[in-house]
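Participant: Each step along the sequence shown adds one to the number in UniProt numbering, with nothing skipped, and position 103 is 103.
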Amino acid sequence: MTRRKYDINFWIFVIPMCVFFVMINVIPFLEGIALSLQKWNGVSAHTEFVGLSNYIDLFQDKSFFKSFQFTLLFVLSSVLLVNALGFGLALAVEHVFKLRNALRTVFFLPQLIGGLVIGYIWKFIFTRVFLQIGESVNIGILQTNWFSSKTLAFLALLIVFVWQYSGYLMVIYIAALQGVPEEVVEASKIDGARPMQTLLNVTMPMIAHSFTICLFLAISTAFKVYDLNVALTNGTPFNSTESLTLHIYREAFEYSRYGYGAAQGVVFSVIIGAVTLLQMWVMKKREVEL
């Protein structure tokens, strides 16, 4: 294949995807920035240009910072738990040879189900199934309405999120564990290292790049959680479990403040962009070190 023909074939495949990306991502984002500088109720044919007024109001909005505080707490809690469980599942599955493929499927399956479906299923479990079990065995916490308490509602959302996404991270950790040379592990055993010492001093340092990937994947996913939040708690009680994404949606589509909601969306995009840039910097730094 000549160089010229290769270039033509390359652009035939690349250009449609670039156009699609611009139409789906770039243009709506730019329109969102433009809308954030205006005041619009979603119905009127005219919009009012307000400049940076929406952004000024945003940084004075207590409800926005309340949602941001909840989201930050949720991210910190869920990232630690989902990575710990995902790595633990990977270690467990790799040591169960006969049921390895079946267990991978079982643990990964929740990732294939939509967040809304999972949210409604678990809401039924928390409100009906747990209540029946609690009354049968007389366990107080199971008889409690989980969504009437700020702490329990937060725990419910945390439990379901970790349950759903730990299988996804498990697959990444399994791939990393399978890439660890067997001779290195055997050499550590010959040197007298115990299983825990081998794990901490040999295996984990060799899959450090996977920890970085899973860490930032979990951060990004936890920040953007929306469907699970809507279906499971919907911000109850008293908006104490309202994530930033849910808050932005309500500002625009429930309170008909589209310009203000767009301003919040722009700020949220900047936060996610900062996390992404940090991930790229850390990954590049690790590649240089390796």
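Yeah, the Cβ is synthetic: ideal placement off N, Cα and C, and Gly gets one too.
Start and end of the alpha helix (DSSP H) containing R104?
Facilitator: If you number the sequence shown from 1, residue 104 lands on position 104. Per DSSP, R104 belongs to the alpha helix (DSSP H) from R100 to F108.
Participant: Considering F161, what are the terminal residues of the alpha helix (DSSP H) in which it resides?
Facilitator: Residue 161 sits at position 161 when you count from the first residue of the sequence shown. Unbroken alpha helix (DSSP H) run through F161: K150 to Q178.
Participant: By Cβ distance, which residues of its chain are closer than 7 Å to F87, with the 5 residues on each side in sequence left out?
Facilitator: Within the sequence shown, the letter at position 87 stands for residue 87. Only Y173 meet the Cβ criterion.
Participant: At the level of alpha carbons, what is the spacing between K98 and Y258?
Facilitator: Looking up residue 98 in the sequence shown gives position 98. Looking up residue 258 in the sequence shown gives position 258. Distance between the alpha carbons of K98 and Y258: 55 Å.
Participant: Taking only the alpha-carbon atoms, compute the straight-line gap between A274 and K224 and give it to the nearest angstrom.
Facilitator: Taking the sequence shown and counting its residues from 1, the one referred to as residue 274 is at position 274. Taking the sequence shown and counting its residues from 1, the one referred to as residue 224 is at position 224. C-alpha separation (whole angstroms): 14 Å.
Participant: In this structure, how does DSSP classify G235 when only helix, strand and coil are distinguished?
Facilitator: Residue mapping note: residue 235 aligns to position 235 of the sequence shown, counting from 1. The answer is strand: DSSP assigns G235 an E or B state.
Participant: What distance in whole Å lies between the Cβ atoms of A231 and F74, which are believed to be in contact at a cut-off of 8 Å?
Facilitator: Taking the sequence shown and counting its residues from 1, one reaches residue 74 at position 74. Taking the sequence shown and counting its residues from 1, one reaches residue 231 at position 231. With a Cβ gap of about 15 Å, F74 and A231 do not count as contacting.
Participant: What does a CB cutoff of less than 8 Å around P237 pick up in its chain, not counting 5 residues either side in sequence?
Facilitator: As a position in the sequence shown, residue 237 is number 237, starting the count at 1. Same-chain partners within the cutoff: F147, S148, S149, K150 and A153.
Participant: Confirm, please, whether the CB-CB distance from L72 to V162 is below 8 Å.
Facilitator: Counting from 1 along the sequence shown, the entry for residue 162 is found at position 162. Counting from 1 along the sequence shown, the entry for residue 72 is found at position 72. No, they are not a contact pair.
Participant: List the DSSP bridge partners of T241.
Facilitator: Reading the sequence shown from its first residue, position 241 is the one you call residue 241. Note: T241 sits in a beta bridge opposite G235.
Participant: Return the CA-CA distance between F10 and P16, expressed in angstroms with no decimal places.
Facilitator: Your numbering for residue 10 matches position 10 in the sequence shown. Your numbering for residue 16 matches position 16 in the sequence shown. Straight-line Cα distance between these residues: approximately 11 Å.
Participant: In this structure, does DSSP put K224 in helix, strand or coil?
Facilitator: For the purposes of this step, residue 224 is taken as the residue at position 224 of the sequence shown. Coil at K224, not helix or strand.
Participant: Are the CB atoms of I207 and V160 nearer to each other than 8 Å?
Facilitator: Within the sequence shown, residue 207 is the residue found at index 207, counting from 1. Within the sequence shown, residue 160 is the residue found at index 160, counting from 1. Cβ distance not < 8 Å, so I207 and V160 don't count as in contact.
Participant: Starting from G114, trace the alpha helix (DSSP H) in both directions and tell me its first and last residue.
Facilitator: Here residue 114 refers to the residue found at position 114 of the sequence shown. No alpha helix (DSSP H) holds G114; DSSP gives it neither H nor E.
Participant: Mind checking whether residue 292 and S77 have CB atoms under 8 Å apart?
Facilitator: Beyond the ends of the chain as shown, which are 1 and 290, falls residue 292; an answer cannot be given.
Participant: Going by beta carbon distance, what residues of the same chain come within less than 7 Å of I213, once the five residues before and after it are set aside?
Facilitator: To locate residue 213, count along the sequence shown from 1; it is residue 213. Excluding positions up to five away in sequence, the list reads I172.
Participant: Using only the alpha-carbon positions, how far apart do P205 and R286 sit?
Facilitator: Here residue 205 is taken as the residue at index 205 of the sequence shown, counted from 1. Here residue 286 is taken as the residue at index 286 of the sequence shown, counted from 1. Each residue's Cα considered, the two are about 12 Å apart.
Participant: Straight-line CA distance for S136 to W122?
Facilitator: Counting from 1 along the sequence shown, the entry for residue 136 is found at position 136. Counting from 1 along the sequence shown, the entry for residue 122 is found at position 122. Cα-Cα distance, rounded: 20 Å.
Participant: Would you kindly report the start and end of the unbroken alpha helix (DSSP H) that includes E182?
Facilitator: Against the sequence shown, residue 182 aligns to sequence position 182. Its alpha helix (DSSP H) spans residues E182 to I190.
Participant: To which residues of the same chain is Q279 closer than 6 Å at the C-beta, ignoring the five residues directly before and after it?
Facilitator: Walking along the sequence shown from the start, residue 279 turns up at place 279. Taken in chain order, the residues that qualify are F216.
Participant: Would the stretch 246-255 count as touching the stretch 57-70 if we require 3 or more Cβ pairs under 8 Å?
Facilitator: Touching, yes, given that three or more Cβ pairs across the two stretches are closer than 8 Å.
Participant: Does the stretch 37-57 come close enough to the stretch 259-273 that 3 or more CB-CB pairs lie under 8 Å?
Facilitator: Contact holds: three or more Cβ-Cβ distances are below 8 Å.
Participant: Measure the C-alpha to C-alpha separation of S36 and F253 and round it to an integer number of angstroms.
Facilitator: The count along the sequence shown starts at 1 and reaches residue 36 at position 36. The count along the sequence shown starts at 1 and reaches residue 253 at position 253. The straight-line gap from Cα to Cα measures roughly 14 Å.
Participant: From I8 to V14, what does the alpha carbon distance come to, in whole angstroms?
Facilitator: Position 8 of the sequence shown holds residue 8. Position 14 of the sequence shown holds residue 14. Taking the straight line joining both Cα atoms gives about 10 Å.
Participant: Just the Cα atoms here: how many angstroms apart are F40 and A34?
Facilitator: Taking the first residue of the sequence shown as 1, we reach residue 40 at position 40. Taking the first residue of the sequence shown as 1, we reach residue 34 at position 34. Contrary to the premise, residue 40 reads as Trp rather than Phe in this sequence. Straight-line Cα distance between these residues: approximately 11 Å.
Participant: Can you give the Cα-Cα distance for V93 and I133, rounded to whole angstroms?
Facilitator: Translated into the one-based positions of the sequence shown, residue 93 becomes position 93. Translated into the one-based positions of the sequence shown, residue 133 becomes position 133. Spanning the two alpha carbons is a distance of roughly 30 Å.
Participant: Secondary structure at F49, three-state DSSP: helix, strand or coil?
Facilitator: On the sequence shown, residue 49 is found 49 positions in, with the first residue counted as 1. Strand, per DSSP.
Participant: So who's on the other strand from Q38, going by DSSP bridges?
Facilitator: For the purposes of this step, residue 38 is taken as the residue at position 38 of the sequence shown. BP columns for Q38 point to F49.
Participant: Just to confirm, is the Cβ distance from S240 to Y226 under 8 Å?
Facilitator: The residue given as residue 240 occupies position 240 in the sequence shown. The residue given as residue 226 occupies position 226 in the sequence shown. No; because the gap between Cβ atoms is not below 8 Å, this pair is not in contact.
Participant: Which of helix, strand or coil does DSSP assign to I139?
Facilitator: Taking the first residue of the sequence shown as position 1, residue 139 is located at position 139. Reduced to three states, the DSSP call for I139 is coil.
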